[in-house]
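A.B. asks:
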Amino acid sequence: MAIKIAASILSARFDRLGEQVKEAVDAGADLLHLDVMDGHFVPNLTMGPVIVKAIRPLTRVPFDAHLMVTRPQDFVKAFAEAGVDDLTVHVESDHDPHTTIAAIREAGVKPGIVLNPATPFEKAVPYLKEVDLLLVMTVHPGFAGQAFRADVLPKIREARSFIDRNRLRVELQVDGGIKADTAAAVAGAGADILVSGSGVFPDHVAENIARIRKVADEAARGRS
Ligand code: DX5
Ligand code: ZN
């Protein structure tokens, strides 16, 4: 199956966010990745439902919201109403992931579970029958533009083989430091969806997406 690319608008120019969204969509981004940070779970503040709602009418490309917040359960309804298609929540947040995942599903949105680089794969296992997405972080969350952590590659391979062995309907997403030079390793390790922020925005969006797609698809073909 072809690799999907989720363009993270955190690295877009916010003074012309609408144009940047359209550039990514026109360049064939499969998803738009929305990084939500609360200044508490991570030391940065980004966007909330107001921004999501503002850009929702611009495209039908799915909105993939990544909640880096302490209490994700408090924001499910607001993001669902703003029009996101999936919501991924950290296993490290302060909640019962089973309950939050059920609430996301109940709101008509696809749920996903996220693992920080230091969190072992086993922590995701109890939720994998309940989610549509597993997101493995390859940077510590909080900021775009950080260096890719190759030490997480074994966890991506472990997740791929677990999903396949158990025939789970879970897409494996990887986020952090993915650009044309790291995309092959991530796709080769078994990712289905590559998130890229500074590898896509703000300039040469079409070229950046095309280059990531090319190396990722080559690596994925080599895998099967
Ligand atoms: C990091 C965010 C990422 C980030 C990716 O906390 O979750 O989605 O925007 O940006 P790059 O691709 O620049 O690492
Ligand atoms: Zn993210």
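In numbering that gives the first Met the number 0, the protein residues as written are 0 to 223.
Glycine is no exception: its CB is placed at the ideal position from the N, C-alpha and C atoms.
Please tell me whether, using a cut-off of 7 Å, the distance from the CB of Ile-177 to the nearest non-hydrogen atom of ligand 1 is below it.
C.D. replies: For the purposes of this step, residue 177 is taken as residue 178 along the sequence shown, with counting starting at 1. Yes.
A.B. asks: Going along the chain, which residues of its own chain have a beta-carbon closer than 8 Å to the beta-carbon of Val-258, five neighbours each way excluded?
C.D. replies: An answer regarding residue 258 cannot be provided, because it is not within the stretch 0 to 223 covered by the chain.
A.B. asks: Following a CB-centred definition, is Gly-141 positioned closer than 7 Å to any heavy atom of ligand 1?
C.D. replies: Within the sequence shown, residue 141 is the residue found at index 142, counting from 1. Correct: Gly-141 has its Cβ closer than 7 Å to ligand 1.
A.B. asks: Return yes when the C-beta of His-89 is under 7 Å from any heavy atom of ligand 2, and no when it is not.
C.D. replies: Position 90 of the sequence shown holds residue 89. Checking every heavy atom of ligand 2 against the Cβ of His-89, none is found closer than 7 Å.
A.B. asks: Please say whether Thr-98 and Phe-147 have beta carbons closer to each other than 8 Å?
C.D. replies: Translated into positions along the sequence shown, residue 147 becomes position 148. Translated into positions along the sequence shown, residue 98 becomes position 99. Against a cut-off of 8 Å, the Cβ pair of Thr-98 and Phe-147 comes out as no contact.
A.B. asks: Counting only runs of 4+ residues fully inside the stretch 129-208, write out the alpha helix (DSSP H) ranges in chain order.
C.D. replies: With a minimum length of 4 residues, the continuous alpha helix (DSSP H) runs that stay inside the stretch 129-208 are 152-164 and 182-188.
A.B. asks: Is the beta carbon of Leu-33 closer than 8 Å to that of Ala-64?
C.D. replies: Numbered from 1 along the sequence shown, position 65 holds the residue referred to as residue 64. Numbered from 1 along the sequence shown, position 34 holds the residue referred to as residue 33. Yes. Within cutoff.
A.B. asks: What did DSSP end up calling Ala-23 once you bin it into helix, strand or coil?
C.D. replies: For the purposes of this step, residue 23 is taken as residue 24 along the sequence shown, with counting starting at 1. Here Ala-23 sits in helix by DSSP.
A.B. asks: Three or more beta-carbon pairs under 8 Å between the stretch 172-179 and the stretch 195-213, yes or no?
C.D. replies: Short answer: they touch.
A.B. asks: When the Cα of Ala-219 is compared with those of Gly-198, Asp-202, Val-51 and Ile-192, which residue comes out closest?
C.D. replies: Along the sequence shown, read from residue 1 onward, the residue named residue 219 stands at position 220. Looking at the Cα atoms, Ile-192 is the closest of the given residues.
A.B. asks: Along the alpha helix (DSSP H) that carries Val-113, what are the first and last residues, could you check?
C.D. replies: One-based indexing of the sequence shown puts residue 113 at position 114. First-last for Val-113: 109-114, but that is the beta strand (DSSP E), not the alpha helix (DSSP H).
A.B. asks: Hey, would you say Val-35 sits closer than 8 Å to Leu-66, going by beta carbons?
C.D. replies: Locating residue 35 in the sequence shown gives position 36, counting from the first residue. Locating residue 66 in the sequence shown gives position 67, counting from the first residue. Going by C-beta atoms, Val-35 is nearer than 8 Å to Leu-66.
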